[in-house]
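S.K.: Quick one: the structure is below, questions incoming.
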C-alpha cells in the first residue's frame, strides 16, 4: 500500500488529497484571512448571515450540479425561480388554496418547466445551452404574464413564515438549503439515479451501450433542477414578501459559478454536492468579506469574476494529475 | 543515374508505439510522374508510413530524401512546402463555404486595402486553377452542394494549388460510384502526364491494376515486395499481402459446440449493409472478417440495438426477438465489447469499480439505493477473475493500461451473465501479454457455453481463435469458412470481393 515515490517533494497520496480538496483548502484559508482582517467576521451573527445569504444559491446550485455532471448546463433556473415565486404569490394573494398546497404546486410548476428543458434536450437533441436559453427568455415572459408585470406584494403572513421564520433558532431558508443538500447528496452518491448521472457525464455513449436509458435520466435531471429553482422561488418571494417577476436575474450564473468553483467539471462525469456547497460558501464569503472591508460592489464583481476564472484554471491545471 | 528519376525516397523508416513496432526498416521509392500503389492489410503500416511522410509522426530512425536532398519533416506545413500533400479518406473541406475559399484557404489574395482580401480575385484565381486541371466547377458554388467525388476533386485542386509534386491519396475511391471513379482516374492520369507523382493507397486490387504503375506491399510493418504492375498478378499480390508465417500460438481449445443461440436472417440497414445472415452456436467463436468499412461493426451495432434495423429478423434460442435498444439486447443475454473502448466502452474519469458495474447497477441496489458492499465485492470478484492490474477498485480507470481497461470492459459484460458476447476488435491497441490473456479468457467463456462473435482485422487472431469465419465485403455477406478450411489467402480473396 505505502509505495510512495520517494523522489517526489510531496508524497503521491498527499498530493492526490491536496488536489482533491484544494477548494476546501482555499475556503479554509479565506476564513482564516477574514478572521484576521475583520473583527466582525467570525461572529455567530455574521456567519448565520452568510449562510442565509447563500441559501437560495445553494438550493439552485444543487440542482445545477446534477445538470453539469451530465455534461449539460441550465441557464433557465433564474427564470424558473421567478415563475414559481410569482405563481406562489399569486395563489396566496388571490385564492383560498392552503399554503401547503401552494407550496407543492409551485414546486411542481418548477419541475414542469425543468422537464420541458429535459424533453427538448433529450428527445429533440437540442444542445442544453440553447434549450435552456430559450426557456430562460420564455420563462421570464411567463413570470411577467402571471404577475401582470407588477410585483405581487402584501402576502399572507403564514406564507411569509417560509422565508422569514425560524426553527431551532435557524432561519427557515437555511433549513431548506440543508434539506436540499442532503437529498442531493444521497441521490448523487447513494442511488442508482446518481450513478447513472455520473455514467452519462463520463461517457454518454458507453452508458447507452450499457443499457442505461439516457434520455429518461436527462429529463429527470433537468426536472430536478427545475424543482430546486421552484423551491428557491418560494423561499425568495416569501422572504421579501413579494412575488417579483424580475426576481432571480443572473441567479443561474451564480449557481453555475458555485458548481464550477466546487470542482465539478464542465465536461461532465466529475463533481460532488460537497464541492458545490464549498463553492457557494466561497462566493458568499467573498461578498460578505468585501462588504465588511468596505470594498465597493463594483470591485466585488471584478474579484468574483477573477475567482471563477482562477478556479477553472486551477482545475484544468490539476485535472488528470490526481489519477 | 536512376536516382535522378526518384522524386521521393524513404529509407529504413522505423517507428514504434508502446507495445507495437508499426514500421520496421521500411523503404518506399516513388518516381517522378508515377502512380505508386501502397497496399497491405489493415494495420500493415500504410497510414503510419504516410503520417511519417506528412510530419504527423516522427520516425524513430530512417531518412527521407526528396529530389536527392535529405529532409526533415516536422509537421504537415513542412510537408506542404516540400511539395507533399495528402487527400484524406475523410475529407477536410468546410462544407458551408465556397469552392474558392476551400481551395485557397489561408492564402486569400490581397486587395488594395490592407487586411482585406479581394473576393473577386479569390474566385478568379480559383477558377483559373480549376480550368488548368480540367475540372468544370464554378468556384462560387458551395462545397456542400457537390457530390463526394466532386469534393474529392476540390481536395485535389487544393493539393495542386500548393504546387505539390507528390499527392497522397488514401482510399480515394471508397465512397465513389463507378463513373466517379473513372473521372478520378482520368484526372490522375492527367496529373501523371504533367509529372506529378501520386501515392495511391487502396484495398481494391482491381483499381490498383488499372491505375498504378508500381506497387509496394506492406505487411506487419515491413515491405514484402516492390513490383512493377506489369509483372504482377492478383494471386501473387494476395499471397504477398497475407503470406505471413503463423507463429503465434493461440490458446484455442476444442469446445463442445451446442445449440444455435442467435440466428440472424437477411439483416439490412439501408445504405450500410444488406442481406446479412448468420448463426452462432453456444460455445462457438464466430470470427467476422473483412476489410475496414465492410460493415462488420455496423451489423453488430444493429444486433445490439444501438442502431436500428431496416429489415430482417433475429432469433434467440429459436424464438423471434425484437431489439430496439441496448437494454433489450442485454435482457436477452447479449454483451458487447465495442470497437473503441474510449468512445463507447468506458467512462474514463470514473473508477474501475464503477465501470465494471455500469451494466448491472440494479443488482447492487435495494429500492434504488446502492448497497456499497455488494458492489465492491462484485468488482473485486471480477478484478481477481480477470486479473485486472489496479491498485484499488476505486482508481480512475483512465489511469490503467489499455489491456487492463479492456479487461474491465469484459468484466462489465461478464457481470451481466451474458450468453452471447460480441467482441469488436477485442485486442486492438493492447500489448502482446494482455492480448493472449484476452484470448485465453475467450476460450474460458466458450467452455462455459457462451456464444462469441469476434470481429477482428487481425488475420492471425481470426484464424487462431475462430471455430468458423464469415467474411463481409462492402456491406454484404461474402462467404463462410470452417476452421479447417480457413486460410489467410481464402479469407483475403473473399474480403477484397473475389470469389
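Residue numbers (this note's numbering), protein chains in the order written: chain V, 808 to 1130; chain Z, 260 to 758.
For each residue, glycine too, the CB sits at the ideal point set by N, CA and C.
In terms of alpha-carbon separation, which member of 510(Z), 512(Z), 473(Z) lies closest to residue 496(Z)?
M.R.: Within the second chain, numbered from 1, the residue matching residue 496(Z) stands at position 237. Nearest C-alpha to residue 496(Z): 473(Z).
S.K.: Beta carbon of residue 458(Z), beta carbon of residue 427(Z): below 9 Å?
M.R.: In the second chain, the residue the question calls residue 458(Z) occupies position 199. In the second chain, the residue the question calls residue 427(Z) occupies position 168. Cβ distance < 9 Å, so residue 458(Z) and residue 427(Z) count as in contact.
S.K.: Buried or exposed for residue 965(V), please, with buried defined as at least 16 other CB atoms from any protein chain shown within 10 angstroms of its CB.
M.R.: By one-based count along the first chain, residue 965(V) stands at place 158. Looking at its Cβ environment, which holds fewer than 16 other Cβ atoms inside 10 Å, residue 965(V) is exposed.
S.K.: Please go through the region 407 to 487 of chain Z and give each complete beta strand (DSSP E) segment of 3 or more residues, from N-terminal end onward.
M.R.: 425 to 429, 456 to 460, 473 to 478, 481 to 487
S.K.: Tell me which residues of the region 981 to 999 of chain V have at least one Cβ-Cβ distance to chain Z shorter than 7 Å, keeping chain order.
M.R.: 997, 998, 999
S.K.: Under 8 Å: do the region 710 to 717 of chain Z and the region 535 to 554 of chain Z share three or more Cβ pairs, one atom per stretch?
M.R.: yes
S.K.: Run the CB neighbour count on residue 632(Z), radius 10 Å, all protein chains shown included, and call it buried at 16 or more, exposed below.
M.R.: Stepping through the second chain from its first residue, residue 632(Z) is reached at position 373. In this structure residue 632(Z) is exposed. Its beta-carbon is surrounded by fewer than 16 other beta-carbon atoms within 10 angstroms.
S.K.: Can you list, in chain order, the residues of the region 1046 to 1073 of chain V whose Cβ is nearer than 7 Å to any Cβ on chain Z?
M.R.: Legend: CB atoms of the region 1046 to 1073 of chain V lying less than 7 Å from CB atoms of chain Z are not found in any residue.
S.K.: Is the Cβ of residue 677(Z) closer than 9 Å to any Cβ of chain V?
M.R.: Taking the second chain and counting its residues from 1, the one referred to as residue 677(Z) is at position 418. Residue 677(Z) does not count as touching chain V.
S.K.: Would you say residue 1093(V) and residue 837(V) are within 9 Å of each other, going by their C-beta atoms?
M.R.: Reading the first chain from its first residue, position 286 is the one you call residue 1093(V). Reading the first chain from its first residue, position 30 is the one you call residue 837(V). Contact flag set, yes.
S.K.: Name the chain Z residues whose beta carbon is nearer than 7 Å to that of residue 1077(V)?
M.R.: In the first chain, counting from the first residue as 1, residue 1077(V) sits at position 270. What residue 1077(V) touches in chain Z: 608.
S.K.: Could you work out which residues of chain V lie near residue 296(Z), taking near to mean beta carbons separated by less than 7 Å?
M.R.: The residue given as residue 296(Z) occupies position 37 in the second chain. In chain order: nothing, as chain V lies at least about 36 Å away.
S.K.: Whole angstroms is fine: what's the gap from residue 397(Z)'s alpha carbon to residue 381(Z)'s?
M.R.: Stepping through the second chain from its first residue, residue 397(Z) is reached at position 138. Stepping through the second chain from its first residue, residue 381(Z) is reached at position 122. Looking at the two C-alpha atoms, the distance is approximately 12 Å.
S.K.: Name the residue from 1011(V), 890(V), 1044(V), 979(V) whose alpha carbon lies nearest to the alpha carbon of residue 856(V).
M.R.: Reading the first chain from its first residue, position 49 is the one you call residue 856(V). The candidate whose alpha carbon is nearest that of residue 856(V) is 979(V).
S.K.: Measuring only the C-alpha atoms, how far is residue 288(Z) from residue 542(Z)?
M.R.: One-based indexing of the second chain puts residue 288(Z) at position 29. One-based indexing of the second chain puts residue 542(Z) at position 283. Going from the Cα of residue 288(Z) to the Cα of residue 542(Z) covers about 49 Å.
S.K.: So is residue 438(Z) buried or exposed if we call it buried at 16+ other beta carbons inside 10 Å?
M.R.: Counted from its first residue, the second chain places residue 438(Z) at position 179. Exposed, since its Cβ has fewer than 16 Cβ neighbours within 10 Å.
S.K.: Return the residues of the region 1016 to 1032 of chain V that lie within a Cβ-Cβ distance of less than 9 Å from chain Z, sorted by chain order.
M.R.: 1016, 1017, 1018, 1019, 1020
S.K.: Kindly indicate which residue of 1044(V), 1116(V), 1003(V), 1096(V) has the alpha-carbon position closest to the one of residue 847(V).
M.R.: On the first chain, position 40 is the one that residue 847(V) refers to. When each option's Cα is compared against that of residue 847(V), the closest is 1096(V).
S.K.: Considering just the uninterrupted stretch of the beta strand (DSSP E) at residue 726(Z), what are its terminal residues?
M.R.: One-based indexing of the second chain puts residue 726(Z) at position 467. That residue, residue 726(Z), is in no beta strand (DSSP E); it is neither H nor E in DSSP.
S.K.: Give a yes or no on whether the C-beta atoms belonging to residue 1032(V) and residue 870(V) are separated by under 9 Å.
M.R.: Numbered from its first residue, the first chain carries residue 1032(V) at position 225. Numbered from its first residue, the first chain carries residue 870(V) at position 63. Closer than 9 Å, so yes.
S.K.: Identify whether residue 814(V) lies in helix, strand or coil by the three-state DSSP scheme.
M.R.: Looking up residue 814(V) in the first chain gives position 7. For residue 814(V), the predicted model reports a pLDDT of 49, less than 50, meaning its position is unreliable and no value from the coordinates is stated.
S.K.: Please list, in chain order, all residues of the same chain as residue 511(Z) whose beta carbon is under 7 Å from its beta carbon, the five residues on each side excluded.
M.R.: Mapped onto the second chain, residue 511(Z) falls at position 252. Excluding positions up to five away in sequence, the list reads 702, 723, 724.
S.K.: Is the CB of residue 585(Z) under 9 Å away from at least one CB in chain V?
M.R.: Residue numbering aside, residue 585(Z) sits at position 326 when the second chain is read from its first letter. Chain V, which has a Cβ nearer than 9 Å to the Cβ of residue 585(Z), makes this yes.
S.K.: Let me know the secondary structure DSSP gives residue 1083(V) once reduced to three states.
M.R.: As a working mapping, residue 1083(V) is identified with position 276 in the first chain. Helix.
S.K.: Leaving out the 5 sequence neighbours to the left and right, which residues in its chain are closer than 6 Å to residue 1014(V) when beta-carbon positions are compared?
M.R.: The residue given as residue 1014(V) occupies position 207 in the first chain. Closer than 6 Å at Cβ, skipping near neighbours: 1006, 1007, 1021.
S.K.: Between 1058(V), 1045(V), 998(V), which has its C-alpha nearest residue 972(V)'s C-alpha?
M.R.: The count along the first chain starts at 1 and reaches residue 972(V) at position 165. Comparing Cα-Cα distances from residue 972(V) to each of 1058(V), 1045(V), 998(V), the minimum goes to 1045(V).
S.K.: Going by beta-carbon coordinates alone, are residue 359(Z) and residue 386(Z) separated by less than 9 Å?
M.R.: The residue given as residue 359(Z) occupies position 100 in the second chain. The residue given as residue 386(Z) occupies position 127 in the second chain. Taking 9 Å as the cut-off, the Cβ atoms of residue 359(Z) and residue 386(Z) count as close.
S.K.: Just to make sure I have the definition right: I need the residues of chain V whose C-beta is within less than 9 Å of the C-beta of residue 603(Z). Which are they?
M.R.: Residue numbering aside, residue 603(Z) sits at position 344 when the second chain is read from its first letter. The contacting residues are 1010, 1012, 1013, 1015, 1016.
S.K.: Secondary structure at residue 716(Z), three-state DSSP: helix, strand or coil?
M.R.: Along the second chain, one-based indexing puts residue 716(Z) at 457. It is coil, neither helix nor strand.
S.K.: Using a Cβ-Cβ distance under 9 Å, would residue 206(Z) count as near chain V?
M.R.: Because chain Z is modelled from 260 through 758, residue 206(Z) falls outside the range shown and cannot be assessed.
S.K.: At the 9 Å Cβ level, is residue 821(V) part of the contact set with chain Z, yes or no?
M.R.: Along the first chain, one-based indexing puts residue 821(V) at 14. Not one chain Z Cβ lies under 9 Å of residue 821(V).
S.K.: Could you check what DSSP says for residue 1124(V) in three-state terms: helix, strand or coil?
M.R.: Working through the first chain from its first residue, we reach residue 1124(V) at position 317. DSSP places residue 1124(V) in helix when its eight states are reduced to three.
S.K.: What do you get for residue 266(Z), buried or exposed, if any count of 16 or more other CB atoms within 10 angstroms of its CB means buried?
M.R.: As a first step, residue 266(Z) is located in the second chain; it is residue number 7 there, counting from the start. The residue in question, residue 266(Z), is buried, as its Cβ has 16 or more Cβ neighbours within 10 Å.
S.K.: In the DSSP output, which residue or residues are listed as bridge partners for residue 1021(V)?
M.R.: For the purposes of this step, residue 1021(V) is identified with residue 214 of the first chain, where counting begins at 1. In DSSP, residue 1021(V) forms no bridge with anything.
S.K.: Quick test of your reading: residue 518(Z) and residue 540(Z), contact by CB under 8 Å. State the CB separation rounded to the nearest angstrom.
M.R.: For the purposes of this step, residue 518(Z) is taken as residue 259 along the second chain, with counting starting at 1. For the purposes of this step, residue 540(Z) is taken as residue 281 along the second chain, with counting starting at 1. Sure, about 6 Å apart at Cβ, within 8 Å.
S.K.: Grouping DSSP H, G and I as helix and E and B as strand, with all else coil, what is residue 756(Z)?
M.R.: What you label residue 756(Z) is simply residue 497 of the second chain in a count that begins at 1. It is coil, neither helix nor strand.
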